[in-house]
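**Q**
Numbering (our numbering), first residue to last: 105 to 166.
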């Protein structure tokens, strides 16, 4: 089974760049404290690295 990560938006998007806002939208996050579970992979890790100051990431065991 593929490992997953739980991603939570912990900071607002005011003052961020358009690219960072687009990355957060691509992750499926719209509101502060909203969480989504996504399958882990290199592309996801790269996206998370670019907005690491805005999100909290937790490993999910299924």
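Cβ coordinates follow ideal geometry from the N, Cα and C atoms, glycine included.
Do residue 135 and residue 158 come within 8 Å of each other at the CB atom, strictly closer than that value?
**A** For the purposes of this step, residue 158 is taken as the residue at position 54 of the chain shown. For the purposes of this step, residue 135 is taken as the residue at position 31 of the chain shown. Result no, Cβ atoms of residue 158 and residue 135 do not sit closer than 8 Å.
**Q** Hey, could you find the ends of the beta strand (DSSP E) residue 161 is sitting in?
**A** Sequence index remark: in the chain shown, residue 161 carries index 57 (1-based). Segment 159-164, the beta strand (DSSP E) holding residue 161.
**Q** Report yes if the CB atom of residue 141 is closer than 8 Å to the CB atom of residue 164, and no otherwise.
**A** Position 37 of the chain shown, counted from the start, is the residue given in the question as residue 141. Position 60 of the chain shown, counted from the start, is the residue given in the question as residue 164. Yes, the pair counts as a contact, with Cβ atoms nearer than the cut-off.
**Q** Enumerated in chain order, which unbroken segments of the beta strand (DSSP E) with a length of 3 residues or greater are wholly contained in the region 119-145?
**A** Runs found: 139-143.
**Q** Note the first and the last residue of the continuous beta strand (DSSP E) segment covering residue 113.
**A** The count along the chain shown starts at 1 and reaches residue 113 at position 9. 108-113 is the span of the beta strand (DSSP E), which, as asked, contains residue 113.
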